[in-house]
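Below: the structure, in structure tokens.
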């Protein structure tokens, strides 16, 4: 088999130390922050000339925890309840021959960092902390946006969000700037689709907080929030 080596040009810092709770697509929770930190040889200011004129970026990155030796032709997407199977090439599953992710994020700021040189602050991320980045490209609306595109099984199965309740005594433990983001993340229902146990307490790590919640019907209640 012919192989092609990709160079890691950067890593992205995000509030997600583990996979559970990460949005399944970029942009679903707009406020989730990230910072792209480039390897020393790619920090020349000239490499970023003109980038400030764009509002969004494509990031090509490595599903670093999804590497597998054997090929699986079908997957079970969460949108289909984790029970129905479709072809891997009709999905965005991380378990693919080349585990490459692609995400559109908003550019918040391109800045000079004292330690890391040029870094890019972004929002709307869906990546694990320290994820390897292979490339970035500007998002160009006239060519990248296709208004009449078909969305296959995704459009056939509308996603229903959870209502999220945070009791006052719990919300006081969470940084004010993180409350709406955490509510948004839980509203996307990160639970494993084939486990529907209303007595189970689920735990999600976000920005050095351990958030624990229960789900009953279409409502999630945050039970506890502690510093990791």
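In our numbering, the protein residues as written are 415 to 642.
All C-beta atoms in this analysis are idealised placements derived from N, C-alpha and C, irrespective of residue type, glycine included.
Where residue i falls: helix, strand or coil (DSSP)
i           : result
residue 522 : strand
residue 552 : strand
residue 456 : helix
residue 568 : helix
residue 480 : coil
residue 597 : helix
residue 585 : helix
residue 531 : strand
residue 494 : helix
residue 469 : coil
residue 441 : coil
residue 557 : helix
residue 617 : strand
residue 503 : helix
residue 683 : The first residue shown for the chain is 415 and the last is 642, placing residue 683 beyond what the model contains.
residue 591 : helix
Assumed close pair residue i, residue j - CB separation to whole angstroms, cut-off 8 Å
i           : j           : result
residue 553 : residue 423 : Contact doesn't hold; Cβ gap of about 18 Å is too wide.
residue 620 : residue 430 : 7 Å
residue 446 : residue 533 : Residue 446 to residue 533, Cβ: 17 Å. No contact.
residue 597 : residue 612 : Incorrect: roughly 19 Å between the Cβ atoms, too far for contact.
residue 501 : residue 487 : 6 Å
residue 634 : residue 600 : 5 Å
residue 443 : residue 595 : 6 Å
residue 498 : residue 490 : 7 Å
Residue of the options minimising C-alpha distance to residue i
i           : options               : result
residue 642 : 432, 447 and 524      : 432
residue 454 : 448, 443, 416 and 529 : 529
residue 558 : 518, 638, 475 and 490 : 518
residue 568 : 438, 425 and 420      : 438
residue 580 : 416, 516, 631 and 636 : 636
residue 468 : 561, 622, 556 and 574 : 556
residue 583 : 560, 633 and 638      : 638
residue 473 : 537, 516 and 587      : 516
residue 449 : 458, 425, 460 and 459 : 425
residue 459 : 531, 481 and 494      : 531
residue 588 : 622, 537, 457 and 543 : 622
Interface flag, residue i vs chain C, CB-CB below 8 Å
i           : result
residue 481 : Among the chains in the structure shown there is no chain C, since it carries only a single protein chain.
Cβ-Cβ distance between residue i and residue j below 8 Å
i           : j           : result
residue 435 : residue 504 : no
residue 617 : residue 626 : yes
residue 526 : residue 535 : no
residue 428 : residue 475 : no
residue 624 : residue 603 : no
residue 470 : residue 551 : no
residue 524 : residue 479 : no
residue 511 : residue 485 : yes
residue 564 : residue 632 : no
residue 492 : residue 417 : no
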